[in-house]
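Using UniProt numbering, you'd call the opening residue of the sequence shown number 1 and step up by one each time.
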Amino acid sequence: MPTISLKAGAMSVPVTEAVNPITKNVDVASPLEIVSLLHKCDKEIFEGWNEYKSLYDEEVLATLDKIITVAASIIENAASGLIVLSGCGTSGRIAFLTARTFNAKLSELSRTPCFKYLIAGRDKALFTSQEAPEDDPVCGVEMLKEITDGKTKVLFIGITCGLSAPYVGGQLQYCMENLGVFTPVVLGFNPTHLARNNPIEKWESTFLQVINKMEEMKSSSNVFILNPVVGPEPITGSSRMKSGSATKVLLETIFTGAILSAKSGDRPWQTKSFIQSYQVVCNNLYNAKGSMEAVAQIVELAGNSLKSNGSIYYVGEGTLGIMGMIDASECPPTYGASLSDVRGFLDRGYKSFRNNDGDLSSLGLHFQISFNDMIKDILPHVKPFDVVIYITSDGNVDQRMTKCLCKKALISFAPKSSTVISTDVEVNMSLPKEALISLIGETAFQQFSMLFEEISTKWILNAITTGTHVMKGKVFQNMMVDLKVSNNKLFHRAIGIIQRFSELSLEDSKDCLLRSIYNTDNLSEEIRERPISCHIEAATPLSQVVPRALLSAILSCSVSESQRLLDKEPVIQKVISQTLSGVNQ
C-alpha cells in the first residue's frame with residue numbers, strides 16, 4: 001500500500017475530541033485487528049493517558065470518597081433526599097441505567113429508592129438523538145426543578161464527557177446558586193481548561209465559565225469536579241465508548257460504596273480496589289482464550305450484513321438486553337446509521353425497561369422494543385444476511401426468537417455446554433471470580449457481579465458496532481465522516497472534515513461539499529449564494545455526501561467518479577490507496 005499523505009491539521013482540541021494514534025488506520029484493519037485495537041484503547045481508561053490525572057489519581061480517589069459520603073447520607077435519609085444523574089445522549093442513557101440499577105438494589109435491601117435520571121429530550125432520547133434539547137440550558141434547569149421539588153438535600157451529578165453540554169451546564173449553575181439544597185458534581189473527561197467556551201443561545205455563561213466557578217467554590221463548598229482523563233476515543237469525537245465506559249465505572253464505584261456504607265457503616269474495600277476490579281474484568285475479557293477471535297467473527301458477520309443493506313438485531317433480557325438497546329441507539333448519531341440498521345429488543349419491553357415516561361410504543365416502529373414486537377414485525381421479514389445477536393447471562397434464549405432464517409450469534413456468561421440453540425458464533429464469557437473477590441470481598445461480588453457482566457457486554461457490543469460501521473465505510477482513518485448534513489453544525493463540520501484531510505482552502509472545501517450535495521462539477525453562483533438552510537434541506541435526504549466530497553477533494557476527481565469508486569469499495573482509505581496504486585503502475 002502506498003503512503004498517503006493527508007493534512008491532519010494541528011490545533012489544540014479537547015482530549016475527548018482528539019485523534020487517538022492507536023486507531024489511526026482502523027479503517028483498513030481486519031475484524032480481528034479492529035478488536036485488538038479497541039482493547040488497546042480501553043486499556044487507557046485504567047492505565048492513564050499522557051501526564052494527565054487518571055482514575056487512580058489521589059485527587060480523583062479523594063473526590064470519589066467525598067461523593068460516596070454524600071450519597072450514603074442521602075440513601076439513609078431518602079424521604080427528604082434525592083440523587084439525580086443527568087446527561088445528554090450516551091451520558092443520559094448511562095444515567096438512566098445507573099438510576100434503574102441502584103433503585104432496584106435499594107428495593108432489594110428494603111430501602112427507599114432515591115435515584116432519578118434526567119436526559120436531554122426526555123425518554124425519546126433513550127432511543128433516538130435529540131440535538132436541540134442538548135443545547136438548551138433553560139430546559140435543563142426546568143427539568144431539574146421539576147423532579148427535585150420538595151427535596152431538602154440533592155446530590156446532582158451532571159455527566160458531560162467533553163465538559164461541554166449546555167443542558168448540563170445550566171443545571172450545574174442552578175445547583176451552585178442553591179447550595180443549601182444541592183451538592184453539584186460535574187463528571188467529564190477533559191482537563192477543566194479545555195471545557196467548551198463557545199457562547200450559548202439563551203444563556204449568559206459558557207461551560208468554561210461554569211467550570212471555573214466550580215473550581216473557585218470546590219475548596220470551600222460541597223462542589224465537586226470529577227474529571228480524570230482517559231484519552232482520546234477510538235473513533236474521533238464519539239464519547240460513547242471510552243468515556244461511556246469510564247462514566248459507568250465511576251458512577252457504580254460511587255453508589256456501590258454508598259449503599260454498602262449506608263448498610264453496614266463501613267465498606268469492605270477501598271475505592272481504588274473497586275475501580276481495579278473493572279480493570280481486571282477488562283483484561284480478562286479481551287485475554288480470554290478465543291474471546292477476541294469470536295467477537296471478530298461477529299464483527300465480520302454483522303459488517304457483511306450492513307454492507308448488504310441488512311440489519312443487526314440485539315435480543316436480550318434485563319440489563320444485558322438494555323446494554324444492547326443503548327448500543328443500538330448510539331449508532332445513528334455516531335455513524336449516521338439509519339434507525340433500522342441496528343435495533344435492540346427487550347424481553348417484556350417497557351415493563352422490563354422501567355423508564356420515566358413508560359410505554360413509548362405509540363411514537364412509532366423504532367420505539368417498539370418487546371420480544372412480541374420483534375416476533376410480529378421483524379421475524380417474518382428477516383433476510384438471510386441479517387444478524388440476530390442473543391445476549392444472555394444464563395445461556396437461556398426465548399425459543400420464539402430463534403425461529404429466524406438468518407445469521408445468529410450468542411453472547412453469554414454461561415458455559416458453552418449449557419447453551420441449547422444453534423448459532424454461527426458464540427462468545428462465552430466468565431468473570432474472574434477469585435480475582436474480584438480478592439479485591440472487593442465475596443459479599444460485594446455476589447451483590448454486584450451483574451455490573452461486571454454489563455460492562456463486559458458493553459465492551460463487546462461497542463466493538464461489534466464499531467467494527468461493522470468501519471467495514472461499511474463510515475470511518476476515514478479513525479474519524480467518522482459519513483455524517484448526515486442535516487443541520488448547521490453538521491454542515492460546518494462536513495466542511496471542516498474535507499479541509500482537514502485535503503490541501504484545500506475553507507472556501508474550496510465548501511465548494512466540494514456543495515458539488516457533492518447538488519451532484520454537479522460546475523457550481524453556479526446561484527447555488528453558492530443560497531442560504532445554508534437550503535443546502536441542508538437538499539443534503540438531508542442524501543447518503544454518502546461527505547465521503548463523495550472527500551474523495552473528490554483528495555483525488556481531484558468528479559463527483560460521479562467518486563461515487564463510482566465508493567460503489568465499488570466503501571472504505572475511503574482503500575479507495576485512495578487503490579486509485580493511487582493504479583496511477584503509479
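Note that the Cβ used here is the ideal one computed from N, Cα and C, for glycine as well.
Could you tell me the distance, in whole angstroms, from the CA atom of residue 225 to the CA atom of residue 131? Linking residue 225 to residue 131 through their CA atoms gives a straight-line distance of about 25 Å.
Output needed for residue 8: all residues of its chain with C-beta closer than 6 Å, excluding positions within five of it in sequence on either side, in chain order. Caution is warranted here: a pLDDT of 36 is assigned to residue 8, below 50, making its placement in the model unreliable, and the coordinate value is therefore given only provisionally. Here the set comprises nothing.
Is the region 80-100 touching the region 164-173 in the sense that three or more CB pairs, one from each, lie closer than 8 Å? Contact between the region 164-173 and the region 80-100 is present, because at least three Cβ pairs lie under 8 Å.
How should residue 247 be labelled, buried or exposed, when 16 other C-beta atoms within 10 angstroms of its C-beta is the threshold for buried? When all chains shown are included, residue 247 counts as buried.
Quick check on this structure: which residue in 314, 560, 336 has the alpha carbon closest to the alpha carbon of residue 328? Closest by alpha carbon: 314.
Just to confirm, are residue 397 and residue 375 a CB contact at a threshold of 8 Å? Using a Cβ distance threshold of 8 Å, residue 397 and residue 375 do not count as a contacting pair.
What's the call for residue 69, buried or exposed, on a 16-neighbour Cβ count within 10 Å? So residue 69 ends up on the exposed side.
Compute the Euclidean distance between the alpha carbons of residue 490 and residue 264, then round it to the nearest angstrom. Their Cα atoms are separated by approximately 51 Å.
Looking at the unbroken alpha helix (DSSP H) that takes in residue 95, where does it start and where does it end? Counting along the chain, the unbroken alpha helix (DSSP H) around residue 95 starts and ends at 90-108.
What number of angstroms, rounded off, separates the C-alpha of residue 15 from the C-alpha of residue 372? Distance from the CA of residue 15 to the CA of residue 372, rounded to the nearest whole angstrom, comes to 43 Å.
C-alpha distance - residue 302 paired with residue 81, whole-angstrom precision: Distance between residue 302 and residue 81, taken at the CA atoms: about 46 Å.
Counting only runs that start and end within the region 234-280, where is the alpha helix (DSSP H) found for 4 or more residues in a row? As far as the region 234-280 is concerned, its whole alpha helix (DSSP H) runs of at least 4 residues are 242-264.
Answer with buried or exposed for residue 296, where buried requires no fewer than 16 other C-beta atoms within 10 angstroms of its C-beta. Under this definition residue 296 is a buried residue.
Leaving out the 5 sequence neighbours to the left and right, which residues in its chain are closer than 6 Å to residue 504 when beta-carbon positions are compared? In the same chain as residue 504, and ignoring 5 residues on each side of it, the C-beta atoms closer than 6 Å to its own belong to 553, in chain order.
Counting Cβ pairs closer than 8 Å, one from the region 270-284 and one from the region 439-456, do we hit at least three? They touch, by the three-pair rule.
For residue 295, three-class secondary structure by DSSP: When DSSP states are grouped into helix, strand and coil, residue 295 belongs to the helix group.
Please tell me whether residue 383 and residue 310 are closer than 8 Å, where the distance is taken between their beta carbons. Closer than 8 Å, so yes.
Residue ranges of each beta strand (DSSP E) within the region 124-185, 3 or longer: With a minimum length of 3 residues, the continuous beta strand (DSSP E) runs that stay inside the region 124-185 are 153-159.
Decide if residue 112 is buried, meaning its Cβ has at least 16 other Cβ atoms within 10 Å, or exposed. Under the 10 Å beta carbon count, residue 112 is surrounded by fewer than 16 other beta carbons and is classified as exposed.
What would DSSP say about residue 540, mapped onto helix, strand or coil? In the structure shown, residue 540 sits in coil (DSSP, three-state: anything other than H, G, I, E or B).
Is the beta carbon of residue 414 closer than 8 Å to that of residue 394? For residue 394 and residue 414, yes; Cβs fall inside 8 Å.
Could you check what DSSP says for residue 7 in three-state terms: helix, strand or coil? Only weak support exists for where residue 7 lies, its pLDDT of 37 falling under 50; the value from the coordinates is given anyway. In the structure shown, residue 7 adopts coil according to DSSP, grouped into three states.
With a 10 Å radius around its C-beta and 16 neighbouring C-beta atoms as the bar for buried, classify residue 485 as buried or exposed. Taking a 10 Å sphere around the C-beta of residue 485, we find 16 or more other C-beta atoms and assign the residue as buried.
Identify whether residue 342 lies in helix, strand or coil by the three-state DSSP scheme. DSSP, reduced to helix, strand and coil, places residue 342 within a strand of the structure shown.
Got a sec, what are the start and stop residues for the beta strand (DSSP E) residue 457 sits in? Element bounds for residue 457: not the beta strand (DSSP E) but the alpha helix (DSSP H), 442-471.
Cβ contact check for the region 504-520 and the region 570-578: 3 or more pairs under 8 Å: No: the two stretches stay apart, fewer than three of their Cβ pairs being nearer than 8 Å.
Would you identify the three-state DSSP class for residue 18, choosing helix, strand or coil? Assignment of residue 18 by DSSP, reduced to helix, strand and coil, places it in the coil class.
Between residue 156 and the rest of its own chain, which residues show a CB-CB distance below 6 Å, the 5 nearest in sequence each way excluded? Closer than 6 Å at the Cβ level, and outside the excluded window around residue 156, lie 84, 175, 182, 184.
Who are the Cβ neighbours of residue 449 in its own chain at under 7 Å, not counting the five residues just before and after it? Within the same chain, residue 449 has close Cβ partners 431.
Only counting the same chain, and skipping five residues up and downstream in sequence, which positions put a Cβ closer than 6 Å to that of residue 23? Around residue 23: 37, 234, 478.
How would you label residue 196, buried or exposed, when you count the other beta carbons within 10 angstroms and need 16 or more for buried? When all chains shown are included, residue 196 counts as buried.
Sorted by chain position, which residues of the same chain lie with C-beta nearer than 6 Å to residue 452's C-beta, five sequence neighbours on each side aside? Excluding positions up to five away in sequence, the list reads 281, 431.
Looking at residue 498 and residue 565, is the spacing between their C-beta atoms short of 8 Å? No, Cβ-Cβ distance for residue 565 and residue 498 is not below 8 Å.
Pairwise C-alpha distance: residue 525 and residue 44: Take the alpha-carbon of residue 44 and the one of residue 525: they are about 49 Å apart.
Are there 16 or more other CB atoms within 10 angstroms of the CB of residue 316, so buried, or fewer, so exposed? It is buried - the Cβ of residue 316 has at least 16 other Cβ atoms within 10 Å.
What are the residues that DSSP puts in a beta bridge with residue 371? The partner list for residue 371 (beta bridge, DSSP) is empty, contrary to what the question assumes.
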